[in-house]
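One structure is given below, encoded as structure tokens.
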Amino acid sequence: MALARWRAAASVMALAAIVIGQAAAAGNKTGQVTVFWGRNKDEGTLREACDSDLYTMVIISFLDVYGHGRYHLDLSGHPLAGIGDDIKHCQYKGIPVSLSVGGFGSGYSLPSKKAALDLFDHLWNAYFGGNKPGVSRPFGDAWLDGVDLFLERGTAADRYDVLALELAKHNIRGGPGKPLHLTATPRCGFPPAGYLKRAVDTGIFERVHVRIYDDPDCEAYWHREWDEWVAAYPATRFYVGMTASEMTHGWVHPKNVYYDVAPSVQKADNYGGFMIWDRYYDKLTNYTSIVKYYA
Ligand SMILES: *[C@@H]1O[C@H](CO)[C@@H](O)[C@H](O)[C@H]1NC(C)=O
Ligand SMILES: *[C@@H]1O[C@H](CO)[C@@H](O)[C@H](O)[C@H]1NC(C)=O
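Counting with mature numbering (1 follows the signal peptide of the UniProt record, and there is no 0), you get residues -25 to -1, 1 to 270 for the letters of the sequence shown.
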């Protein structure tokens, strides 16, 4: 296993990276690593992910059905009991916890302004500060920190721009409310599909995680695509999305994260950090424990 061999040299390398990092990449490293959680029940609890001290943000995935009056949360068999407490535990440690909508299924779309406002209403009352009677709260009174758009499908009719603007109105900095981190996690291709572009063009997205794996074009051309993303949205922070699974196409050897990915993405002054897909693979391979020093 390539990664296993790499691990022998990893701790020396990590130290070197810190030293070189301070000298050469002055100021552009952030140390930020976001991970997706919720795609495999064998990945351990959310609390365990936060207690690993590997991540600075966790995104729960996915709310995979919406748009037609029905909503469904798919956490791959993780029991809901305890997740609310785990969210609070993560937040107490300073690790925000977000919810991603979309995913690889076919149960979602947002084909009208009303569908978008209904989804906002559901999100707000089920996961954030709302308390509408009759809306069940899967995580109890835990109040999440953000919403992520992970859209593998969509049509020109989809109104994620309406959803984004409504969420932004509830991004309450100061007072009794809370900041709401609005993020998106697209494949690398630029420009993105129209339904996502219309949303990101609002200019209100705090972060975009650009996935450079699991897509032949992204594996080959992501440098060029990345440069277009970061130039197009200067007010947004960009995270480079990498897979922790050596079995997934587009996996980047830690050595190449160090010599290629990190220096390439950190040229942008709106570079944000790394995104790792996902906690399950990361727990198996310890990928983040190596690459986090380069973030
Ligand atoms: C850091 O970012 C600036 C732009 O803000 C860029 O000019 C510089 O090359 C970057 N440094 C490195 C080491 O990538
Ligand atoms: C990952 O780290 C854990 C805990 O330190 C360890 O038990 C496991 O063997 C490591 N796995 C690999 C593939 O290095």
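No residue lacks a Cβ here, since even glycine has one placed at the ideal position from N, Cα and C.
Between the alpha carbons of Pro86 and Gly57 lies a gap of roughly 34 angstroms. Not one heavy atom of ligand 1 is found less than 7 angstroms from the C-beta of Pro209. Around the CB of Met222, fewer than 16 other CB atoms lie within 10 Å, so the residue is classed as exposed.
Assignment of Gly169 by DSSP, reduced to helix, strand and coil, places it in the helix class.
Per DSSP, reduced to three states, the secondary structure at Leu48 is strand.
Between His224 and Tyr188, the C-beta gap is smaller than 8 angstroms, which places the two residues in contact.
Under a 10 Å Cβ-count criterion, Gly121 is classified as buried, with 16 or more other Cβ atoms of the shown protein chains found around its own Cβ.
Between Lys172 and Pro166, the alpha-carbon positions lie close to 7 angstroms from each other. Three or more Cβ pairs closer than 8 angstroms define a contact, and the region 128 to 142 meets that threshold against the region 89 to 106.
In the DSSP assignment, the residues bridged to Trp252 are Thr218.
About 3 angstroms separates the beta carbon of Gly247 from that of Arg212, a gap short enough to meet the 8 angstroms contact definition. Rounded to whole angstroms, the separation of the alpha carbons of Glu23 and Lys68 is 12 angstroms. In this structure, Val8 keeps its C-beta atom at 8 angstroms or more from the C-beta atom of Leu38. At a threshold of 7 angstroms, Thr223 does not count as near ligand 2, since its beta carbon sits no closer than that to any of the ligand's heavy atoms. Classified as buried, Phe114 has 16 or more neighbouring CB atoms from the shown chains inside 10 Å of its CB.
Tyr268 is classed as buried because its beta carbon has at least 16 other beta carbons within 10 Å across all chains shown.
In the structure shown, Gly42 falls within a coil segment according to DSSP collapsed to helix, strand and coil. Distance check between Asp190 and each of Val183, Gly216 and Lys4 places Gly216 closest, using alpha-carbon atoms only. One thing to note: Ile62 has its Cβ within 8 angstroms of the Cβ of Leu21. The alpha-carbon separation between Pro154 and Ile147 amounts to approximately 5 angstroms. Here Val10 really is in contact with Asp257; their C-beta atoms are around 6 angstroms apart, less than 8 angstroms. Annotation for Asn100 indicates a beta carbon at 7 angstroms or more from all heavy atoms of ligand 2. Taking Val185 as reference, the option from Lys230, Asn245, His228 and Thr177 with the minimal CA-CA separation is Asn245. No residue range can be given for Ala270, since it is assigned to no beta strand (DSSP E) and is classified by DSSP as neither H nor E. Distance from the CA of Gly52 to the CA of Asn15, rounded to the nearest whole angstrom, comes to 7 angstroms. Gly78 has Leu126 as its beta-bridge partners, per DSSP.
By the 16-neighbour rule on beta-carbons within 10 angstroms, Asp253 is buried. Secondary-structure assignment with DSSP links Ile265 through no beta bridge to anything.
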